[in-house]
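Chemist:
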Amino acid sequence: MNDSNKMKYLRACRGESMDTPPVWLMRQAGRYLEEYRNVRAKNKFLDICNIPELACEVTLQPIRRFGFDASILFSDILVPLVPMGANLTFGEGEGPKIDPPIRSVDDIRKLKKIEPRESLDFVLEAIRMIRRELPDDVALIGFTGAPFTLATYLIEGGKPNPFAHIKQLMYTEPEAFNDLLIKLQEMITDYLRAMIEAGADALQVFDTWGGILDNRDFRAVNLPVVKKIFAGLADLNVPTTYFVHNNAHLISEVKETGCTVAGFDWRCSLKEARKIMGKNIAVQGNLDPTVLLGGESAIRNAVRNTLSDASGPGGHIFNLGHGILPMTPVESVEIMLDEIRGGKK
Ligand code: CP3
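Under numbering that gives the first Met the number 0, the first residue of the sequence shown carries the number 0, and numbering increases by one thereafter.
(1) Please say whether L232 and V220 have beta carbons closer to each other than 8 Å?
(2) Contact defined as beta carbons within less than 8 Å: I believe D189 pairs with P115. What is the distance between those atoms, to the nearest angstrom?
(3) By the 10 Å Cβ neighbour count, where 16 or more other Cβ atoms means buried, how is T207 classified, buried or exposed?
(4) Going by alpha carbons, who is nearest to V204 out of F217, T239 and I126?
(5) Give me the Cβ distance between L179 and L191, rounded to the nearest whole Å; I'm assuming they're in contact under 8 Å.
(6) Residues in the same chain with beta-carbon distance under 6 Å from H164, minus the five sequence neighbours each way, listed in chain order, please.
(7) Give the straight-line distance between the Cα atoms of T19 and T327, rounded to the nearest whole angstrom.
(8) Mark E255 as exposed unless 16 or more other C-beta atoms lie within 10 angstroms of its C-beta, in which case mark it buried.
(9) Excluding five sequence neighbours on each side, which residues of the same chain lie with their C-beta closer than 6 Å to the C-beta of M0?
(10) Excluding the 5 residues preceding and the 5 following P312 in the sequence, name in chain order all residues of the same chain whose CB lies nearer than 6 Å to its CB.
(11) Where are the alpha helix (DSSP H) runs, 4 residues long or more, that stay fully inside the region 203–248, in chain order?
(12) Which runs of the beta strand (DSSP E) spanning at least 3 residues fall entirely within the region 103–188, listed in chain order?
(13) Please state if the CB of Y241 and the CB of V253 are separated by a distance shorter than 8 Å.
(14) Beta carbon of L87, beta carbon of P100: below 8 Å?
(15) Among E132, V137, L123 and L183, which residue has its Cα nearest to the Cα of L149?
(16) From the DSSP output, in three-state form, read off F73 for me.
(17) For the ligand CP3, is there any heavy atom lying closer than 7 Å to the beta carbon of D46?
(18) In this structure, does DSSP put L324 in helix, strand or coil?
(19) At which residues does the alpha helix (DSSP H) containing A301 begin and terminate?
(20) Counting beta carbon pairs with one atom in the region 118–126 and one in the region 36–54, are three or more of them shorter than 8 Å?
(21) Just how far apart, CA to CA, sit G29 and K43?
(22) Less than 8 Å separating the beta-carbons of G314 and L286?
(23) Can you tell me which of the three DSSP states A28 falls into?
(24) Look at the alpha carbon of G141 and the alpha carbon of M6, and state the distance between them as a whole number of angstroms.
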């Protein structure tokens with residue numbers, strides 16, 4: 000068992016307010032790092048996810064370079080869809096593809112129920128390895144996608160544009176669509192529990208596409224299954240972060256999910272989010288990732304604004320409002336960290 004008091008990230012998740020908040024970045028292991036590109040030059044993306052030694056190595060790269068307060072398991076939200084029956088590929092520069100996509104009630108019925116401790120043991124093995132290698136004061140975050148986001152990839156078959164297929168199935172076959180979300184929710188809850196058993200210290204659920212829903216649809220279709228995930232994890236007593244991208248219109252709904260940490264993107268005011276979340280839910284975010292493509296003074300100013308918006312009672316975990324972009328200069332990350340930490344950790 001890790002000494003959780005040593006971990007600044009866990010203390011902030013539990014509501015402690017700090018002058019220098021803990022910091023990690025979504026997609027912190029990835030193409031903006033030369034050491035990642037070197038591993039990637041020799042290996043396919045899915046092989047890095049599938050081979051525990053490689054997943055462990057790339058997870059640790061940004062920790063070694065920047066000393067972030069938390070690491071995030073290197074994997075992908077789409078990995079558990081493979082044992083469920085999805086034919087997933089990542090074409091060079093194309094992003095993920097699921098072919099054939101899920102389009103009918105029958106397709107939904109055919110998706111398999113999985114036992115993550117068996118078919119996803121390679122991910123759990125990566126977690127065990129990473130936890131052994133990480134410094135004691137760095138937390139390890141396990142993650143999954145949220146049901147609606149995973150359903151989007153399954154139904155659209157790849158990058159959703161313009162969400163026609165998923166919305167069509169949602170509006171024409173509401174019961175079967177709900178069955179799909181429940182199937183995914185059950186897999187997600189079980190898989191996240193297995194990640195904690197393997198040694199992860201905290202969990203995050205990515206709902207990249209949940210924000211395309213208006214408040215009514217979000218409440219009717221998405222909120223009940225997301226609530227079930229967090230209710231199914233509550234007895235573990237570990238921080239659980241819900242990040243729904245494009246969520247400025249969904250602040251109250253996020254509060255109702257039962258997450259203990261709420262991630263926000265840059266279009267949402269952290270000041271406002273903090274007020275609505277209250278002291279019991281920590282906030283995470285929310286620097287615009289494109290700010291890191293700007294000059295030093297733009298970066299320092301934006302970091303100061305984020306820190307000031309998030310100040311006050313309650314926990315704040317500094318992060319970007321979405322994943323770091325592959326063209327980000329590493330010097331920009333160093334400037335950002337210097338502005339947050341003022342030279343100290
Ligand atoms: O450092 C980390 O954040 C951990 C690893 C991680 C990856 N993907 C690695 C990855 C995490 C947490 C994810 C989550 C993920 N994957 C999300 C949710 C977060 C978000 O961005 O909204 C989504 C939607 C995916 C699906 C996915 N994976 C897409 C759309 C793509 C292609 C787009 C792109 O950025 O290239 C991926 C590929 C992917 N996942 C890469 C990485 C490092 C790039 C693959 C490469 O090296 O070629």
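For every residue, glycine included, the Cβ atom is placed at its ideal position computed from N, Cα and C. Fair warning: this is a prediction, and the values are worked out from it, not measured in the lab.
Modeler: In short:
(1) Not in contact: V220 and L232 (Cβ atoms no closer than 8 Å).
(2) Sure, about 6 Å apart at Cβ, within 8 Å.
(3) T207 should be labelled buried.
(4) Closest by alpha carbon: T239.
(5) Going by Cβ atoms, the distance from L179 to L191 rounds to 19 Å, so no, they are not a contact pair.
(6) Excluding sequence neighbours, H164 sits near I154 and E155.
(7) Approximately 23 Å between the Cα atoms of the pair.
(8) The residue is exposed, with fewer than 16 neighbouring Cβ atoms inside 10 Å.
(9) In this prediction, M0 has a pLDDT of 47, which is less than 50 and means its spatial position is unreliable; nothing more can be read from the coordinates.
(10) Result list for P312: S16 and K278, in chain order.
(11) Fully enclosed alpha helix (DSSP H) runs of 4 or longer: 222–230.
(12) Listed in chain order, the beta strand (DSSP E) runs fully inside the region 103–188 are 138–144, counting runs of at least 3 residues.
(13) Closer than 8 Å, so yes.
(14) It is not a contact, given that the beta carbons lie outside the stated cut-off.
(15) Closest by C-alpha distance to L149, out of E132, V137, L123 and L183, is L183.
(16) If DSSP states are grouped into helix, strand and coil, F73 belongs with coil.
(17) Closer than 7 Å to some heavy atom of the ligand CP3: that does not describe the Cβ of D46.
(18) DSSP places L324 in coil when its eight states are reduced to three.
(19) Start and end: E295 to A309.
(20) Three or more pairs of CB atoms, one per stretch, sit closer than 8 Å, so the region 36–54 contacts the region 118–126.
(21) Cα-Cα distance, rounded: 13 Å.
(22) No.
(23) Here A28 carries a coil assignment [DSSP, helix/strand/coil].
(24) In this structure, the CA atom of G141 is about 16 Å from the CA atom of M6.
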